[in-house]
Amino acid sequence: MKKKMAAVVTAAAMAAVMLAGCGSDAAQEQPAEAASEEAAEEETQGADAAEAQESSGGGSYLVGFANNSDTYSYCAKFRSHLKEEVEAKGIEIMVTDAAGDTNVQNGQIDDFIVQSANAVSAISNDLDGSVPALEAAKTAGIPYISFLTSVTGGDEYDGYIYIGSPNYDAGKAQGEYLCEVLPENAQILYFTGAPNDQQYIDRKQGLTEALAAREDITILDEYNVENAKDKGMSTTEDCLMSYDKFDAIICQNDDAALGVVEALKGADRLSEVLVLGIDGSDDALTSIKNGEMSMTAFQDARAQAQAGAEVFEQLKNGTSPADIDDVLVPFKIVSAENVDEYME
Amino acid sequence: MKKNDGKIMIGKLYRKYGIVIIFAILFITSAIINRNFLKPQNLINILLQISVVTIIACGETMLIVSGMIDLSAGLVCTTAMCLSAGVLVSTGNVFLAGMTGLMVGIVSGWVNGFLITRFKLQPFIATLAMTNVLKGIVQLYTNGQSIGGVDKIRFLGQGRVLGIPVPVIIMIVIVLLTAVLMKQTSFGTYIYAIGGSEKAAVASGINVNRIKRIIFTLSGALTGLAGVVLMARLMAGMPSVGEGYEFDAITAVIVGGTSFLGGIGTVAGTLIGSIIVGLINNILNLLHISTQYQLIVKGVLIAGAVIMDIQTKDSKN
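Those sequence lines, one after another, are chains A and B.
Anchor point for the first sequence: position 144 equals 237 in the numbering used here, and the numbering is continuous, going up by one each time.
Anchor point for the second sequence: position 276 equals 278 in the numbering used here, and the numbering is continuous, going up by one each time.
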């Protein structure tokens, strides 16, 4: 409650500055005051938390998590789960959103370190671009936990721990499913995310290697639909025009797959085409349940978040990060047969 | 001197027919190189795919002709889409959901206009600020998750009347209404007057601030409508879709011959500009050429259109 008040005061002061313009000295002083007020509040809160923890045996432990992007539904879901799981263990967590920008995310990791975080973590935006964040953690001597994505050179730092589900497996699961269900000489289309993304490379490699078992299957073409529903939809509409026949559209995520489903429904062609996604979002599970999408590779956000919380707990209890192994949470194939098990 | 005359000639020709000629060339070339292009379903697809952006572009045309711009249109569209989806899910009332989308547009449009006229903010700055506020609101409201279960509004996005998709019909109606508004009413005359010379408009007794607020509110309403149509087309309110639509709309306006300097441009041009962009995306898809090339072609188009604009402006002076 007190914290909320301080936040309101800060917001009001900032609004005052905006309205009054930068020329007013009085207005300029206000936010500084409010900010320090807020900091003071936070300190007392932090002390409270520390007291509470001391009585339960452990010291206070603060971690930071920089999300990749709050607008990407899977990342948003993971962020909520992680916050819940970590707080349930009595660990304090700061959460930020990089909005898809690697540079912003690296800055947020720096901010965590300035705020004396005991460990930092992120859905690292970029294999190479996130290296400065990893190095900042290394310099500060604290662990860097990379969720879902890897960072170049991570294996050389003892404080680096990877927790995620290998994207290669998701593509492979799609490929294996297709090998089982596709008719002979099937023709398929591949809808992807941005080709400069490691996730794209891994998922594609998994798919093509699994499909190698069935040489009769032809991949007609590949389209970059940016893993977005609107692009998945419009590209399908165009493909329905330019190809006489295709048996399946394989997407690199569920959002795009759901767009494909809408377009096929609109053209009354859904019954002839299999649609595959990755992630296992709620909408995709409903779609599978309704007999629209055929399959998705379920990425278990809850299990990943739980693994993350457990790693933080181990670190808090004094385990050296060098002794903590990477955690791999497997993808699971979800189709009409077993979709009920995954629906909440 | 002679060279200048030539320039004026080309300029006038381009303003009047250039865009139509470019469109015709593209259309005929596409029809020749791909057998699927001329299928009625494909032509309808192109119109369907540009419908949402064109509705937004009608508003941007009024704004750009009057010398302003709205960078928040994409996020207004996203906000309208998500809030109206939310209202539809919780109340099950299609009318209420539609009104919510419209209100989101009207309110954010009016606030943009208010900031610009009352505090003399540049439209660029005011709408940039609005973009951030709306992004925050959308994320708070949706928590990054899409809102499904909007089956009741299916007709608006997926339905057809006499074989023509409903979003296309809405787009055509909006284009016609905007054209009448800009060409047949005194309000339209004011839009051109303000864009031509704001000082002259003030001197001639036009209440410039009031007109500017109305333009922004109207444009916001259109963008809100576009958000509702987009929601019905995607059958969900999606926080990740809509960002960047403002630039697609501005591209259509500029390619359509509207001067970025204000005072010149028509909504008919915008429609053709939008069709040109949609047609290029479509034919490149039909030819199985990847998205990356579509971006390059779009960029070249924008630069080309603005070069023509500046060349013809120069020749006038």
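Idealized CB from N, CA, C, for every residue including glycine.
All values reported here derive from a predicted model rather than from experimental measurement.
Note to self: Counting only beta-carbon separations shorter than 7 Å, does threonine 293 of chain B have a partner in chain A?
What the structure shows: The count along the second sequence starts at 1 and reaches residue 293 of chain B at position 291. Yes, threonine 293 of chain B lies at the interface with chain A (some Cβ there is under 7 Å from its Cβ).
Checklist line | 8 Å contact criterion, which leucine 282 of chain A and phenylalanine 339 of chain A should meet: CB distance rounded | finding: As a position in the first sequence, residue 282 of chain A is number 189, starting the count at 1. As a position in the first sequence, residue 339 of chain A is number 246, starting the count at 1. Confirmed, about 5 Å.
Checklist line | Residues of the region 102 to 124 of chain B whose Cβ lies closer than 9 Å to any Cβ of chain A, in chain order | finding: Phe121
Check: What is the DSSP secondary structure of arginine 37 of chain B, reduced to helix, strand or coil?
Finding: Taking the first residue of the second sequence as position 1, residue 37 of chain B is located at position 35. Shown here, arginine 37 of chain B sits in coil according to DSSP, grouped into three states, outside any helix or strand.
Next item on the list: Please list the residues of the region 140 to 154 of chain B that have a C-beta atom closer than 7 Å to any C-beta atom in chain A, keeping them in chain order.
Entry: Gln141, Asn145, Gly146, Gln147, Ser148, Gly150
Item checked: aspartate 433 of chain A classed as buried or exposed, judged by whether at least 16 other C-beta atoms fall within 10 angstroms -> Within the first sequence, residue 433 of chain A is the residue found at index 340, counting from 1. Per the 10 Å Cβ criterion, exposed.
Check: Quick one: Cα of glycine 247 of chain A to Cα of cysteine 344 of chain A, how far?
Finding: For the purposes of this step, residue 247 of chain A is taken as the residue at position 154 of the first sequence. For the purposes of this step, residue 344 of chain A is taken as the residue at position 251 of the first sequence. Rounded to the nearest angstrom, the two C-alpha atoms are 29 Å apart.
Margin query: Taking beta-carbon pairs under 8 Å, can you tell me which members of the region 219 to 240 of chain B lie near chain A?
Written below: Leu232, Arg235, Leu236, Met237, Ala238, Met240
Notebook entry, point to check: When the Cα atoms are used, what is the spatial distance from tyrosine 167 of chain A to serine 68 of chain B?
Noted result: On the first sequence, position 74 is the one that residue 167 of chain A refers to. On the second sequence, position 66 is the one that residue 68 of chain B refers to. For tyrosine 167 of chain A and serine 68 of chain B, the distance between alpha carbons rounds to 42 Å.
Margin query: Here's the rule I'm using: 16 or more other beta-carbon atoms within 10 Å means buried, otherwise exposed. How should asparagine 410 of chain A be labelled?
Written below: Working through the first sequence from its first residue, we reach residue 410 of chain A at position 317. Counting other Cβ atoms within 10 Å of its Cβ, asparagine 410 of chain A stays below 16 and is therefore classed as exposed.
Next item on the list: Along the beta strand (DSSP E) that carries glutamine 280 of chain A, what are the first and last residues, could you check?
Entry: Walking along the first sequence from the start, residue 280 of chain A turns up at place 187. That run of the beta strand (DSSP E) goes 280 to 285.
Check: If we count the other Cβ atoms within 10 Å of its Cβ and call it buried at 16 or more, is alanine 223 of chain B buried or exposed?
Finding: Counted from its first residue, the second sequence places residue 223 of chain B at position 221. Buried: at least 16 other Cβ atoms inside 10 Å.
Checklist line | Per-residue DSSP class, three states only, for cysteine 251 of chain A | finding: Start at 1 with the first residue of the first sequence, and residue 251 of chain A comes out as number 158. Going by the sequence as given, residue 251 of chain A is aspartate instead of cysteine. Here aspartate 251 of chain A sits in coil by DSSP.
Checklist line | 4 or more residues per run - each alpha helix (DSSP H) lying fully within the region 148 to 184 of chain A | finding: 166 to 181
Notebook entry, point to check: Out of curiosity, what's the CA-to-CA distance linking methionine 436 of chain A and phenylalanine 171 of chain A?
Noted result: For the purposes of this step, residue 436 of chain A is identified with residue 343 of the first sequence, where counting begins at 1. For the purposes of this step, residue 171 of chain A is identified with residue 78 of the first sequence, where counting begins at 1. Their Cα atoms are separated by approximately 17 Å.
Next item on the list: Go through its chain and collect everything with a Cβ distance to tyrosine 154 of chain A's Cβ below 6 Å, but skip five positions before and after it.
Entry: The residue given as residue 154 of chain A occupies position 61 in the first sequence. Excluding positions up to five away in sequence, the list reads Ile184, Asn211, Lys409.
Notebook entry, point to check: Could you give the distance in angstroms between the alpha-carbon of alanine 377 of chain A and the alpha-carbon of methionine 386 of chain A?
Noted result: Stepping through the first sequence from its first residue, residue 377 of chain A is reached at position 284. Stepping through the first sequence from its first residue, residue 386 of chain A is reached at position 293. C-alpha separation (whole angstroms): 7 Å.
Next item on the list: Verify whether the separation of the beta carbon atoms of glycine 229 of chain B and cysteine 79 of chain B is less than 7 Å.
Entry: Locating residue 229 of chain B in the second sequence gives position 227, where the first residue counts as 1. Locating residue 79 of chain B in the second sequence gives position 77, where the first residue counts as 1. Against a cut-off of 7 Å, the Cβ pair of cysteine 79 of chain B and glycine 229 of chain B comes out as a contact.
Margin query: Would glycine 401 of chain A pass as an interface residue toward chain D - the criterion being a Cβ-Cβ separation below 7 Å?
Written below: You won't find chain D in this structure, because its protein chains are A and B.
Next item on the list: With 9 Å as the limit, tell me which residues of the region 220 to 242 of chain A have their beta carbon closer than that to any beta carbon of chain B; keep them in chain order.
Entry: Listed in chain order, the positions of the region 220 to 242 of chain A with a beta carbon within less than 9 Å of a beta carbon of chain B would be empty, since no residue qualifies.
Item checked: C-beta neighbour in chain A for asparagine 38 of chain B, strict 7 Å -> Position 36 of the second sequence, counted from the first residue, corresponds to residue 38 of chain B. Taking 7 Å as the threshold, the shortest C-beta distance from asparagine 38 of chain B to chain A falls below it.
Check: What residues of chain A sit near lysine 41 of chain B, judged by a beta carbon separation below 9 Å?
Finding: Looking up residue 41 of chain B in the second sequence gives position 39. The contacting residues are Met334.
Notebook entry, point to check: Shortest alpha-carbon distance to glutamate 269 of chain A belongs to which of A/Glu430, A/Asn431, A/Ile426?
Noted result: Position 176 of the first sequence, counting from 1, holds the residue named residue 269 of chain A. Minimum Cα distance to glutamate 269 of chain A is reached at A/Ile426.
Check: What are the residues that DSSP puts in a beta bridge with arginine 162 of chain B?
Finding: The sequence position of residue 162 of chain B within the second sequence is 160, counting from 1. The partner list for arginine 162 of chain B (beta bridge, DSSP) reads B/Pro167.
Checklist line | Residues that valine 188 of chain A bridges to, as DSSP identifies them | finding: Locating residue 188 of chain A in the first sequence gives position 95, where the first residue counts as 1. Valine 188 of chain A is bridged to A/Phe158.
Note to self: Let me see if you follow: with CB-CB separation under 7 Å, is serine 242 of chain B close to chain A or not?
What the structure shows: As a first step, residue 242 of chain B must be located in the second sequence, where it is residue number 240. Chain A contact via Cβ: present.
Margin query: Looking at the strands, I want to know which residues DSSP matches up with threonine 389 of chain A.
Written below: Counting from 1 along the first sequence, the entry for residue 389 of chain A is found at position 296. Answer is A/Gly370, A/Val427.
Margin query: Once the 5 residues before and after alanine 356 of chain A are set aside, which same chain residues still bring their CB inside 6 Å of it?
Written below: Residue 356 of chain A sits at position 263 when you count from the first residue of the first sequence. Cβ within range, chain order: Met326, Thr329, Glu330.
Checklist line | Residue-chain proximity (asparagine 134 of chain B, chain A), Cβ-Cβ < 7 Å | finding: Taking the second sequence and counting its residues from 1, one reaches residue 134 of chain B at position 132. No, because no Cβ of chain A sits closer than 7 Å to the Cβ of asparagine 134 of chain B.
Margin query: 7 Å is my cut-off, CB to CB: does leucine 288 of chain B come that close to chain A?
Written below: Taking the second sequence and counting its residues from 1, the one referred to as residue 288 of chain B is at position 286. Leucine 288 of chain B counts as touching chain A.
Next item on the list: Note down the Cα distance separating valine 213 of chain A from aspartate 416 of chain A, rounded to an integer number of angstroms.
Entry: In the first sequence, residue 213 of chain A corresponds to position 120, counting from 1. In the first sequence, residue 416 of chain A corresponds to position 323, counting from 1. Whole-angstrom Cα-Cα distance: 17 Å.
Check: For the alpha helix (DSSP H) that contains serine 92 of chain B, what are its first and last residues?
Finding: For the purposes of this step, residue 92 of chain B is identified with residue 90 of the second sequence, where counting begins at 1. Looking at the DSSP string, the run of the alpha helix (DSSP H) that includes serine 92 of chain B is 75 to 93.
Notebook entry, point to check: With distances taken from CA atoms, which of A/Met334, A/Asp163, A/Glu177, A/Ile381 is nearest asparagine 218 of chain A?
Noted result: Start at 1 with the first residue of the first sequence, and residue 218 of chain A comes out as number 125. That would be A/Asp163, whose Cα lies nearest to the Cα of asparagine 218 of chain A.
Item checked: Whole-angstrom distance between valine 354 of chain A and asparagine 320 of chain A, CA atom to CA atom -> Here residue 320 of chain A is taken as the residue at index 227 of the first sequence, counted from 1. Here residue 354 of chain A is taken as the residue at index 261 of the first sequence, counted from 1. Their Cα atoms are separated by approximately 14 Å.
Notebook entry, point to check: Between cysteine 115 of chain A and serine 221 of chain B, what straight-line distance do the alpha-carbon atoms span, to the nearest angstrom?
Noted result: Locating residue 115 of chain A in the first sequence gives position 22, where the first residue counts as 1. Locating residue 221 of chain B in the second sequence gives position 219, where the first residue counts as 1. Its pLDDT being 40, under 50, cysteine 115 of chain A is placed unreliably in this model, and the coordinates cannot settle the point.
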